[in-house]
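Peer 1: Take this structure, written in structure tokens, and hold onto it; I'll ask about it next.
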Amino acid sequence: MILKVFFVVVSLFLSSEVFSQSDYDERFEVNSIEIQGNGSTKKEALIEILPRQLPTTMTNAEIAEYSRRIKNLGIFDLVKVSKIENKLLLEVRRKRTLSPIIGLSTGKTIQDTSAVLGLNEHDFLGDGTKLGGKVGYNDRNLNFMAWIDEHSYRNNRWSRELEVYRLSSSFRFKDDENDAWTRNRLGAFFELVSPFKYDSPLLYEFQVQVYREDFSNVNIDKNLESATYFGSLFEVVYDRYNWDDLHPHGFKGAIEMRPGVMTNGKFRGEAVGKFIAATPLAEKTSLVANGKVATVNSGNVNHSLLIGSQSGVRGLDDSFYRNSALSYLNLEIRHSMEVWERTFIQPIIFLDMARFRPMDSEGNNQGWVNALSTGAGVRLIPTGYTNLLLRADIARLHTPSEDWLFQIGITQYF
2 MILKVFFVVV SLFLSSEVFS QSDYDERFEV NSIEIQGNGS TKKEALIEIL PRQLPTTMTN
62 AEIAEYSRRI KNLGIFDLVK VSKIENKLLL EVRRKRTLSP IIGLSTGKTI QDTSAVLGLN
122 EHDFLGDGTK LGGKVGYNDR NLNFMAWIDE HSYRNNRWSR ELEVYRLSSS FRFKDDENDA
182 WTRNRLGAFF ELVSPFKYDS PLLYEFQVQV YREDFSNVNI DKNLESATYF GSLFEVVYDR
242 YNWDDLHPHG FKGAIEMRPG VMTNGKFRGE AVGKFIAATP LAEKTSLVAN GKVATVNSGN
302 VNHSLLIGSQ SGVRGLDDSF YRNSALSYLN LEIRHSMEVW ERTFIQPIIF LDMARFRPMD
362 SEGNNQGWVN ALSTGAGVRL IPTGYTNLLL RADIARLHTP SEDWLFQIGI TQYF
């Protein structure tokens, strides 16, 4: 049932191509561009996002797409592109781009609270590159991650991303039972993203990844074999999503394949389909949806998919359901009200649903589990800051058990 709902929602949000033939037929000359309000963001970095070098001819659709790409950088809360004779005028209002990463999201227990502290510069060297690092308590353990990530909205060259990490995750298999063991991974990945052509919504991503996996705090009689993973990723992304602090709209979806092998000869594969989408319901009200379908080859619970309150269904047990397959869908109706300049209150109502297949400690598949929660919440959003807000949600879990959860966070749930 959840898969049917997932694909129905995708079909509702997935609109036709942005560029129609009539858009291409209406062309006009653009000989120069004037940029106002960019601050320390380099003008060259914004000019580089144009579909072609100037002077050129452009369509209305290409101007709209240029505006979308500038806004999706996430470093401006106001973007306006207009035509003045043979010139483009780009007016932007820059955010504070050096943002603290102060993540906090409660889980079903104190142990399952997630807390993150770090820094992220969203406009490193003035060209929209992200540079950051964070230390966090997730999955009942301390974790570390650092990255440098070029944006993917250039039309003329590949973008790159490099990340290094140390991630640990506790495994448990019975309610209120002590953790069975802790899985530790020390690794890195390097990713290339194809140029994003204006006449296509598609991006292609390629990644190589390596990590060392070992184990600690083993509290059960089980042989856990340490090994090194070598793998890759191929991802196709459909991107027509217009990001906004308050009123996003459009659709972004991806299909990815992750084949890899451990040095002990064991294959590890993963297939994922995911999307985020939004559409206006009224002038200040939006319906926003987030979904994921994923599967891995079963047989080893250390190669599994995690679902819980932190990601999936608010109210569901965290660090508990280790799955060979899962699907979930989050729906939120968000209404935004300005309380003072560049600061908004956003009440929401939500529905989370999922279907997943847990493994036991030996990697054997168990029966399918359905999950459903409903609830309401509120956000305080200062739009002058990048990726920072205050979130509070109260969720009623209806199945697989009945329970309440009050969750707070410093980013949107999705």
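If you use this note's numbering, the sequence shown corresponds to residues 2 to 415, in order.
Backbone N, C-alpha and C fix where the C-beta goes; we use that ideal spot for every residue, glycine too.
My output table needs one value for residue 215: the three-state DSSP class, helix, strand or coil.
Peer 2: For the purposes of this step, residue 215 is taken as the residue at position 214 of the sequence shown. Residue 215: strand per DSSP, three-state reduction.
Peer 1: By DSSP, does residue 70 sit in helix, in strand, or in coil?
Peer 2: Here residue 70 is taken as the residue at index 69 of the sequence shown, counted from 1. In the structure shown, residue 70 sits in a helix (DSSP, three-state: H, G or I).
Peer 1: If we ignore side chains and look at the alpha-carbon of each, how far apart do residue 129 and residue 152 end up?
Peer 2: Counting from one through the sequence shown, the residue named residue 129 turns up at place 128. Counting from one through the sequence shown, the residue named residue 152 turns up at place 151. About 6 angstroms.
Peer 1: In the structure shown, what three-state DSSP assignment does residue 47 receive?
Peer 2: As a first step, residue 47 is located in the sequence shown; it is residue number 46 there, counting from the start. In this structure, residue 47 counts as helix in the three-state DSSP scheme.
Peer 1: Is the CB-CB distance between residue 415 and residue 393 below 9 angstroms?
Peer 2: As a first step, residue 415 is located in the sequence shown; it is residue number 414 there, counting from the start. As a first step, residue 393 is located in the sequence shown; it is residue number 392 there, counting from the start. For residue 415 and residue 393, no; Cβs fall outside 9 angstroms.
Peer 1: To the nearest angstrom, how far is it from the Cα of residue 73 to the Cα of residue 243?
Peer 2: Reading the sequence shown from its first residue, position 72 is the one you call residue 73. Reading the sequence shown from its first residue, position 242 is the one you call residue 243. Spanning the two alpha carbons is a distance of roughly 7 angstroms.
Peer 1: What separation, rounded to the nearest whole angstrom, lies between the Cα atoms of residue 272 and residue 35?
Peer 2: Here residue 272 is taken as the residue at index 271 of the sequence shown, counted from 1. Here residue 35 is taken as the residue at index 34 of the sequence shown, counted from 1. Distance between the alpha carbons of residue 272 and residue 35 is about 45 angstroms.
Peer 1: Quick one: does residue 328 have its CB under 9 angstroms from some CB of chain C?
Peer 2: This model lacks chain C altogether; it includes just one protein chain.
Peer 1: Roughly how many angstroms lie between the CA atoms of residue 18 and residue 113, to the nearest whole one?
Peer 2: Against the sequence shown, residue 18 aligns to sequence position 17. Against the sequence shown, residue 113 aligns to sequence position 112. Caution applies to residue 18, whose pLDDT of 45 falls short of 50 and renders its modelled position unreliable; the model cannot decide the point.
Peer 1: Using three-state DSSP, classify residue 311 as helix, strand or coil.
Peer 2: What you label residue 311 is simply residue 310 of the sequence shown in a count that begins at 1. Residue 311 falls in the coil class under three-state DSSP.
Peer 1: If you check the beta carbons only, do residue 381 and residue 346 fall under 9 angstroms apart?
Peer 2: Position 380 of the sequence shown, counted from the start, is the residue given in the question as residue 381. Position 345 of the sequence shown, counted from the start, is the residue given in the question as residue 346. Yes, the Cβ-Cβ distance between residue 381 and residue 346 is below 9 angstroms.
Peer 1: Just curious, the beta strand (DSSP E) that residue 76 is in, first and last residue?
Peer 2: Locating residue 76 in the sequence shown gives position 75, where the first residue counts as 1. Looking at the DSSP string, residue 76 is not in any beta strand (DSSP E), and its letter there is neither H nor E.
Peer 1: Going by the DSSP bridge assignment, what does residue 189 pair with across the sheet?
Peer 2: Residue numbering aside, residue 189 sits at position 188 when the sequence shown is read from its first letter. The partner list for residue 189 (beta bridge, DSSP) reads 165, 211.
Peer 1: What do you get for residue 44, buried or exposed, if any count of 16 or more other CB atoms within 10 angstroms of its CB means buried?
Peer 2: On the sequence shown, residue 44 is found 43 positions in, with the first residue counted as 1. Residue 44 should be labelled exposed.
Peer 1: Below 6 angstroms CB to CB, which residues in the same chain sit around residue 81 once its five sequence neighbours on both sides are set aside?
Peer 2: Locating residue 81 in the sequence shown gives position 80, counting from the first residue. Excluding sequence neighbours, residue 81 sits near 92.
Peer 1: Who are residue 194's beta bridge partners in DSSP?
Peer 2: Taking the sequence shown and counting its residues from 1, the one referred to as residue 194 is at position 193. Answer is 160, 206.
Peer 1: Use the C-beta contact count for residue 63: other C-beta atoms within 10 angstroms, 16 or more gives buried, fewer gives exposed.
Peer 2: Taking the first residue of the sequence shown as position 1, residue 63 is located at position 62. Under this definition residue 63 is a buried residue.
Peer 1: If residue 42 and residue 76 are in contact, beta carbons under 8 angstroms, what's the gap, nearest whole angstrom?
Peer 2: As a first step, residue 42 must be located in the sequence shown, where it is residue number 41. As a first step, residue 76 must be located in the sequence shown, where it is residue number 75. Their Cβ separation, rounded to whole angstroms, is 7 angstroms, which keeps residue 42 and residue 76 in contact under 8 angstroms.
Peer 1: Return the first residue and the last residue of the beta strand (DSSP E) that residue 111 is part of.
Peer 2: Numbered from its first residue, the sequence shown carries residue 111 at position 110. Per DSSP, residue 111 belongs to no beta strand (DSSP E) and is neither H nor E.
Peer 1: Only counting the same chain, and skipping five residues up and downstream in sequence, which positions put a Cβ closer than 6 angstroms to that of residue 49?
Peer 2: The residue you call residue 49 lines up with position 48 of the sequence shown. Hits under 6 angstroms: 155.
Peer 1: So the candidates are 116, 201, 264; which of them puts its Cα closest to the Cα of residue 141?
Peer 2: What you label residue 141 is simply residue 140 of the sequence shown in a count that begins at 1. Of the candidates 116, 201, 264, the one whose C-alpha sits nearest the C-alpha of residue 141 is 116.
Peer 1: Quick one: what's got a C-beta closer than 6 angstroms to residue 70's C-beta in the same chain, skipping five residues either side?
Peer 2: Locating residue 70 in the sequence shown gives position 69, where the first residue counts as 1. Counting only Cβ-Cβ distances below 6 angstroms, and skipping sequence neighbours, we find 50, 154.
Peer 1: If I follow the unbroken beta strand (DSSP E) through residue 238, where does it start and stop?
Peer 2: The sequence position of residue 238 within the sequence shown is 237, counting from 1. Looking at the DSSP string, the run of the beta strand (DSSP E) that includes residue 238 is 228–243.
Peer 1: Identify, in the order they occur along the chain, each residue of the same chain with its Cβ nearer than 6 angstroms to the Cβ of residue 275, setting aside the five sequence neighbours on each side.
Peer 2: Numbered from 1 along the sequence shown, position 274 holds the residue referred to as residue 275. Within the same chain, residue 275 has close Cβ partners 255, 293.
Peer 1: Does DSSP put residue 18 in a helix, in a strand, or in coil?
Peer 2: Here residue 18 corresponds to residue number 17 of the sequence shown, with the count starting at 1. Note that residue 18 scores a pLDDT of 45, beneath 50, so its modelled location is shaky and nothing firm can be said.
Peer 1: Can you list, in chain order, the residues of its chain with a C-beta nearer than 7 angstroms to that of residue 181? Leave out the 5 residues immediately preceding and following it.
Peer 2: What you label residue 181 is simply residue 180 of the sequence shown in a count that begins at 1. Correct list, in chain order: 172, 173, 174, 220, 221, 362.
Peer 1: Give the DSSP-derived three-state secondary structure of residue 278 in the structure shown.
Peer 2: Here residue 278 refers to the residue found at position 277 of the sequence shown. Residue state, collapsed to three classes: strand.
Peer 1: Taking the alpha-carbon positions, what's the residue 311 to residue 305 distance?
Peer 2: Mapped onto the sequence shown, residue 311 falls at position 310. Mapped onto the sequence shown, residue 305 falls at position 304. Cα to Cα, the separation comes out at about 16 angstroms.
Peer 1: Got a sec? Which residues, its chain only, sit under 8 angstroms from residue 157 by beta carbon, not counting five neighbours each side?
Peer 2: Reading the sequence shown from its first residue, position 156 is the one you call residue 157. Contacts found: 49, 196.
Peer 1: Please return the same chain residues whose Cβ sits closer than 7 angstroms to the Cβ of residue 265, not counting the five positions on each side in sequence.
Peer 2: Against the sequence shown, residue 265 aligns to sequence position 264. Closer than 7 angstroms at Cβ, skipping near neighbours: 226, 228.
Peer 1: Using the C-alpha atoms, what's the distance from residue 210 back to residue 98?
Peer 2: As a position in the sequence shown, residue 98 is number 97, starting the count at 1. As a position in the sequence shown, residue 210 is number 209, starting the count at 1. Distance between the alpha carbons of residue 98 and residue 210: 29 angstroms.
Peer 1: Kindly indicate the opening and closing residues of the beta strand (DSSP E) around residue 408.
Peer 2: Position 407 of the sequence shown, counted from the start, is the residue given in the question as residue 408. Segment 404–410, the beta strand (DSSP E) holding residue 408.
Peer 1: Along the chain, which unbroken stretches of the beta strand (DSSP E) at least 3 residues long are found entirely within the segment 360–410?
Peer 2: Those beta strand (DSSP E) runs which fall completely within the segment 360–410 and span 3+ residues are 370–383, 391–400, 404–410.
Peer 1: When you compare each of 206, 234, 241 to residue 262 by their alpha carbons, which one comes out closest?
Peer 2: Residue mapping note: residue 262 aligns to position 261 of the sequence shown, counting from 1. Nearest of 206, 234, 241 to residue 262, Cα basis: 234.
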